[in-house]
Every structure is written in structure tokens, then in C-alpha cells.
Amino acid sequence: MPLNERDRIEILMMIGVGDRMRTQQEVCRLFHEMHPDREPVSQSTVSRIERKYRELGHVRDAPRQGRPKINENVQQDVKYHPYRVRLIHELAEDDFDRRTEFCEYMMDHNNQNNGFIANILFSDEATFFLNGHVNRQNTRYWSQENPHWMQEYHTQHPQKVRTSQKPDVIEQFCSRFGFSAPKSFGNVCIVISNN
Numbered sequence: 452m453p454l455n456e457r458d459r460i461e462i463l464m465m466i467g468v469g470d471r472m473r474t475q476q477e478v479c480r481l482f483h484e485m486h487p488d489r490e491p492v493s494q495s496t497v498s499r500i501e502r503k504y505r506e507l508g509h510v511r512d513a514p515r516q517g518r519p520k521i522n523e524n525v526q527q528d529v530k531y532h533p534y535r536v537r538l539i540h541e542l543a544e545d546d547f548d549r550r551t552e553f554c555e556y557m558m559d560h561n562n563q564n565n566g567f568i569a570n571i572l573f574s575d576e577a578t579f580f581l582n583g584h585v586n587r588q589n590t591r592y593w594s595q596e597n598p599h600w601m602q603e604y605h606t607q608h609p610q611k612v613r614t615s616q617k618p619d620v621i622e623q624f625c626s627r628f629g630f631s632a633p634k635s636f637g638n639v640c641i642v643i644s645n646n
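Position in the sequence shown (first residue = 1) + 451 = the numbering used here.
And the structure:
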């Protein structure tokens, strides 16, 4: 949560004057003690506030300059808000039992095969579905009301393109799981998969 003008003035007062000045580290600790429910301030924040006061004589925000961002225009003019697409599964009665069974299976399998968990690959990839389905990670749907958007998937494994910012991770993945070598385009690596 950003600091407002009152918070900045409070930090200036904590710094003190003359021979009663506190270090930036002491100010950070004191601010956190006085506001334990808030995010702690950093020493660089305290330094910036102090420098701004010495240079300008105040700690107010400067008036904003330049063109407003597109999302500000959309929110103010059209009253649209961004809604993040969340894919949720409709739970059937037997889903809870199936989840429990899966957890028990994974725990048993891990106990029997010590290296099992090490063979699970977690990555920072993005997925683009070739059949038009939405990659919810970076998608926002702009509307005046929450659309409660639903999208049915007819296949569990649609054709897709995966990208990663770490080609070396993808190369390890391909060699480990038997894919052909990935294609690199600059610093982005792409693997095409049918499953």
C-alpha cells in the first residue's frame, strides 16, 4: 500500500532534527512497530522522503503529467472495470472422494519412489491454445458488470503453443520427457505439443 502524505509527515517526524535524529533503520523499525498491520517501509523509502523534504520543503505528490493510461480513461469515461478470467471447475458429489483418493495415491507413490517428486516439472511458461480458448494468466475482460464468464472445454488436451523466457529450462524438459528440441526466437523458447 503506497504511503499517503500523512504517513510521509509521520516518517519525517520520526527522523527528528538536530542531535535527536534517528537512523533510517531505526525509523523503519519504529514505523513498523506503530503500524504492524501495514507493509514495512524500506530504508530507501525513508531516504527518498527525507531528500524530497530537503529539496522541495514538502512531501506532497507532484501533480501528474502526461497522458492518462488507457485503463484510467476506460474506467473513468465508460465506467468499465477489468475482470480477471478465473477458470473454476464445477464440483460433482464424487469429486471430494476422488481428490482424497488422488492425494492418498500421490503420498503412497512418493513413499514407494523416493525420487518421484523430483520428476515433476514446474515452470513459468505461458500457454496459448490454438483453438481460441483463453489463457487466463494475463487476460482481463473489460465490462461495467462482472460477466461471470463461463467457457466449456470439450477436450482435455487441446493443441497449444508453450513459451518460456528460460530456454535452458525448456531444453531440459524436452530431453527429460522425450520432446524434440525446442525452437528459440531471441530470448523466447517455443515447444509445440498435441497433449
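Note that CB positions come from ideal geometry on N, CA and C, so glycine has one too.
As the structure is a computational prediction, the values presented were derived from the model and not from experiment.
Distance CB(residue i)-CB(residue j) smaller than 9 Å
i      : j      : result
Arg473 : Val510 : no
Gly531 : Val525 : Position check: residue 531 holds Tyr in this sequence, whereas Gly was assumed. A contact, by the Cβ cut-off of 9 Å.
Val468 : Val497 : no
Glu501 : Met485 : no
Gln494 : Gln516 : no
Glu456 : Asp548 : no
Where residue i falls, given that 16 or more other Cβ within 10 Å makes a residue buried
i      : result
Val492 : buried
Phe482 : buried
Ile521 : exposed
Ile568 : exposed
Phe636 : Because the pLDDT of Phe636 is 48, which lies under 50, any placement of that residue in the model is unreliable, and the question is left without a value.
Pro453 : exposed
Arg518 : exposed
Ile643 : Because Ile643 sits at a pLDDT of 49, beneath the cut-off of 50, its placement in the model cannot be relied upon, and the point is left open.
Asn638 : Below a pLDDT of 50, predicted positions are generally treated as unreliable, and Asn638, at 48, falls in that range; the measurement from the model is reported next regardless. Result: exposed.
First through last residue of the alpha helix (DSSP H) which encompasses residue i
i      : result
Tyr504 : 494-507
His483 : 475-485
Leu542 : Here Leu542 belongs to no alpha helix (DSSP H), and DSSP marks it neither H nor E.
Met464 : 456-466
Beta bridge counterpart(s) of residue i as assigned by DSSP
i      : result
Tyr556 : Looking at the DSSP assignment, Tyr556 forms no beta bridge with any residue, so it has no partner.
Whole-angstrom C-beta distance between residue j and residue i, which should lie under 8 Å
i      : j      : result
Leu542 : Tyr504 : That belief does not hold up - the Cβ atoms of Leu542 and Tyr504 are roughly 55 Å apart, past 8 Å.
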